[in-house]
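Just below is one structure, and these are the notes that go with it.
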Amino acid sequence: MDIVKKKLKKTDFLPNVEGNNGETKAVSSFWSEMIEMELKPDVVCYTVLIDNHCKSDNLQDAIGFFDENIDSDLEPDTVTYTALMRGYCRQGNVNRAVTLVNEMSFRGIQPDAITMSTLYHRILRAKKSQFRH
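Everything in the sequence shown is counted per numbering that gives the first Met the number 0, starting at 0 for the first residue and increasing by one.
Pasting the structure below:
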């Protein structure tokens, strides 16, 4: 195992780990192992963490990882913003999701079809919910 760790450190290779369905424990464990092996996380790693925490209804930690991503001088991409936007929408905060889309544009990151579709559907869902109450 020590040979693998040395090789990973040497190449800065990051294994492909996806946290689906809010598997926070597995993703957090992987994150800890990366830090322990002194591997530098990239935008994809942060995006997996953000998405995973949002799916687990742990928006505060997702926001913390988003901020840490930016503080690490890594530029979040469309996928990163969309993951956080979904987290805000899951919590019913569509206004904050719209603000994120505006922030993306301000930073020169173009929202893609998935970003806009997600936002559109969440706005419709929020409107339907308003009319029911």
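No residue lacks a Cβ here, since even glycine has one placed at the ideal position from N, Cα and C. Note that the coordinates shown come from a computational prediction; the quantities given were computed from them, not determined experimentally.
Asked	Found
Rounded separation between residue 35 and residue 77 - CA only	28 Å
Secondary structure of residue 74, DSSP reduced to three states	coil
Alpha helix (DSSP H) runs wholly inside the stretch 55-106, at least 4 long, in chain order	58-70, 77-89, 93-105
Sub-9 Å separation of residue 73 and residue 111 beta-carbons	no
Straight-line Cα distance separating residue 43 from residue 68	10 Å
Residues of its chain near residue 48, where Cβ-Cβ distance is below 7 Å and the 5 sequence neighbours each way are ignored	26, 30, 64
For residue 118, the three-state DSSP class (helix, strand or coil)	helix
Rounded C-alpha distance that separates residue 20 from residue 55	With a pLDDT of only 48 at residue 20, under the threshold of 50, the placement of this residue in the model should not be trusted; the figure read from the coordinates follows. Each residue's Cα considered, the two are about 8 Å apart.
Buried versus exposed, by CB contacts within 10 Å (16 or more), residue 51	buried
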